[in-house]
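Each remark here refers to the structure printed beneath this line.
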Amino acid sequence: MRLRGRKGIRESLESQPELVVLDAAPHRGKWKQFFGNDNPIYVELGMGKGQFISQMSVRNPHINFIGVDMYDELLRRASEKARLAWEEKEVPHPPNLALLRANIEGIETMFAPGELERIYLNFSDPWPKSKHARRRLTHERFVAKYKEILNENGEIHFKTDSVSLFEFSLNSFADMELVMRNISLNLHKDGPREDLVFTEYETKFYEKGQPIHRVEVVIGEEALRKHREQKLNNRRDEQAAAQDGDDQED
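Residue 1 is where the sequence shown starts when you use the UniProt record's numbering, and the numbers rise one by one after that.
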């Protein structure tokens, strides 16, 4: 993908060190120092124009967000959207958001083991040709890296419009014996999910009536414990409801 950026784009990015990070290396293992707090860190890999990550940061002020992309022009657009999203808050810059220019191939050089709590993969390039399977962001070689940098509460949230990529991803997660939950083949079939933030692509696909596929992958030990506990509680609630129904019939 080639993007034609405005003149002076690099200078614009360099003038925003409080928001735009052009070199992740100095921050590896120190991202909480960048934000100045100990809040969880959520990362979107391939943020595009930044709509999702900007709105997420506004909705969740007690979580730190990092949007990652490798194109200067996308970072410029994302920085504009981020400031616009926070405009009503009357703050000098988004306090819980960073926009990182980086190639996801080297994600292990950007974040230290256990530094992140959640990774978002939204409408990643499906790389449809079989020979390009290793480039898909849900390929085992990438997921292995995600597992290293996610902490005990770590999760991966994945959305796509591509049926082939979704099938590939589910198989990839299953082959790695990862726990999946909230699998949806048509996320907005009953209308737009107000509890979820749309990306630019998602808005376009939804308006065209194209199904959106989504899954959450549970990685960290504490996240797995909470997931199993929730499943057990749900099962007990179902059994209790069934018992109440039997008692009423009697």
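Just so you know, even glycine gets a beta-carbon here, dropped at the ideal spot from N, CA and C.
Predicted model, so just to flag it, every value in this text is computed and none were measured.
Nearest residue (CA-CA) to P126, options G106, A112, H93 and D161: Here the closest residue by C-alpha is D161.
Residue from H227, P61 and I183 with nearest C-alpha to F35: The shortest C-alpha separation from F35 is found at P61.
With a threshold of 16 other CB atoms inside 10 Å of the CB of A78, please say whether the residue is buried or exposed. Label assigned to A78: buried.
Going along the chain, which unbroken runs of the beta strand (DSSP E) with 3 or more residues stay wholly within the stretch 74 to 120? Inside the stretch 74 to 120, DSSP marks whole beta strand (DSSP E) runs of 3 or more residues at positions 97 to 101, from first to last along the chain.
Does the beta-carbon of D237 have 16 or more other beta-carbons within 10 angstroms, so that it is buried, or is it exposed? Label assigned to D237: exposed.
Rounded straight-line distance, which links the Cα of N96 to that of M176: Distance from the CA atom of M176 to the CA atom of N96, rounded to whole angstroms, is 32 Å.
Reference Y120, options R101, G106, R134 and V143, closest by Cα: When each option's Cα is compared against that of Y120, the closest is V143.
G232 to K226, Cα distance in whole Å? The residue asked about is misnamed: residue 232 is Leu in this sequence, not Gly. Distance between the alpha carbons of L232 and K226: 10 Å.
Buried or exposed: where does D69 fall if 16 or more other Cβ atoms within 10 Å of its Cβ makes it buried? For D69, the number of other beta carbons within 10 angstroms of its own is at least 16, and it is reported as buried.
Nearest to D195 by alpha carbon, out of Q55, K129, A24 and R141? Checked all of Q55, K129, A24 and R141; the closest Cα to D195 is Q55.
Taking 8 Å as the cut-off, decide whether the C-beta atoms of D38 and K32 are in contact. Going by C-beta atoms, D38 is nearer than 8 Å to K32.
Can the beta-carbon of H188 be found less than 8 Å from the beta-carbon of I212? Contact flag set, yes.
Within a Cβ cutoff of 8 Å, which residues of the same chain sit near E140, ignoring the five residues on either side of it in sequence? When the five nearest sequence neighbours on each side are left out, the beta carbons in the same chain lying within less than 8 Å of the beta carbon of E140 are those of S172, D175 and M176, in order along the chain.
Sort I104, L116, M110 and E115 by Cα distance to S124 and report the nearest one. Nearest neighbour of S124 by Cα position, chosen from I104, L116, M110 and E115, turns out to be I104.
For Q239 and N182, what's the separation of their Cα atoms in angstroms? Pairing Q239 with N182, the inter-Cα distance amounts to about 21 Å.
Report the option in F111, A25 and G67 whose CA atom is closest to the CA atom of Y146. Of the candidates F111, A25 and G67, the one whose C-alpha sits nearest the C-alpha of Y146 is F111.
DSSP state of R214 mapped onto helix, strand, coil: Secondary structure of R214 (DSSP, three-state): strand.
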